[in-house]
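What follows is one structure encoded as structure tokens, with my remarks underneath.
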Amino acid sequence: HDAEDHDHTDDEHDHDAEDHTHTHDDDDADYEIEYDEHIWTSPVNAMKITQVIADTLQEMDPADADIFAANAEDYLGKLKNLDQEFRNVADGADLDLIVMADKFPLRYFADTYGLRYRAAFSGCASDTEPSAKTIAYLIDKVREEQIPAVYYLELSSHRVAEIISEETGAKPLLFHSCHNVTRREFDNGVTYLELMEQNVVNLREGLYR
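Just so you know, we're using the working numbering here: the sequence shown kicks off at 93 and counts up by one.
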């Protein structure tokens with residue numbers, strides 16, 4: 093299966109795109125149980141993770157419990173602000189569809205903010221090249237919904253995004269899954285919050301015509 097089609101509001105079933113497009117109506121059990129381990133792409137989940145870490149550290153080191161609690165409170169405040177930024181973008185947007193010309197490790201993110209999505213590959217498939225049919229489908233979807241930007245992941249080829257861009261005029265933009273960083277980013281001590289703040293900017297470009 094080359095492409096992922098996730099749409100809670102759309103009941104269309106395009107028989108020409110069946111080979112690479114999935115909906116909840118499809119008889120594809122593997123798709124239904126597909127697991128996305130990238131839980132941190134949702135700031136709401138990141139808040140839960142932060143709280144669990146803080147609670148665990150306080151139990152392990154009661155003497156420094158106040159420090160852990162204060163640090164957690166500070167970081168949770170920043171995550172709440174980040175979450176609100178994404179909600180502001182999604183709630184006021186012209187569109188609710190993102191097109192990922194890549195794999196799709198963003199199911200938790202999309203679900204948190206009520207976004208539909210199309211992707212070149214289902215989840216984190218090991219495929220490296222989508223079929224011509226998949227690319228054509230994504231091009232048609234971008235044209236149909238007048239989508240101003242298509243996304244690619246960090247440390248991946250931009251090729252599919254660039255092909256779609258050439259055909260549609262949509263701008264290719266990075267959406268960082270925060271799974272991998274470049275050597276330069278690592279050396280500079282880039283943070284989750286910094287990467288996600290750039291995602292806020294790029295998401296806005298893709299959802300506003």
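Every residue gets a Cβ at the ideal spot worked out from N, C-alpha and C, and that includes glycine.
Given the structure is predicted, the values throughout are model-derived calculations rather than measurements.
| task | Identify whether Leu230 lies in helix, strand or coil by the three-state DSSP scheme. | result | Reduced to three states, the DSSP call for Leu230 is helix.
| Leu245 (DSSP reduced to helix, strand or coil) | The answer is coil: DSSP assigns Leu245 none of H, G, I, E or B.
| query | Given Gly281, which residues of its chain have a CB within under 6 Å of its CB, disregarding the five upstream and five downstream residues? | reply | Excluding residues up to 5 positions away in sequence, nothing lies with its Cβ nearer than 6 Å to the Cβ of Gly281 in the same chain.
| said: By the DSSP assignment, the alpha helix (DSSP H) with Lys172 in it spans what residues? | reply: In the DSSP assignment, Lys172 falls within the alpha helix (DSSP H) that extends over 157 to 183.
| query | Can you give the Cα-Cα distance for Met288 and Ser134, rounded to whole angstroms? | reply | One Cα belongs to Met288, the other to Ser134, and the distance between them is close to 10 Å.
| task | Please classify Lys195: does DSSP put it in a helix, a strand, or coil? | result | Coil at Lys195, not helix or strand.
| query | Taking buried to mean at least 16 other C-beta atoms within 10 Å of its own C-beta, is Val191 buried or exposed? | reply | Flag for Val191 reads buried.
| query | From Tyr123 to Glu129, what does the alpha carbon distance come to, in whole angstroms? | reply | Only weak support exists for where Tyr123 lies, its pLDDT of 36 falling under 50; the value from the coordinates is given anyway. Whole-angstrom Cα-Cα distance: 15 Å.
| field | Ala146, enclosing alpha helix (DSSP H) - first and last residue | value | Its alpha helix (DSSP H) spans residues 135 to 152.
| task | Run the CB neighbour count on Asp166, radius 10 Å, all protein chains shown included, and call it buried at 16 or more, exposed below. | result | Around the beta carbon of Asp166, fewer than 16 other beta carbons sit within 10 angstroms, so the residue counts as exposed.
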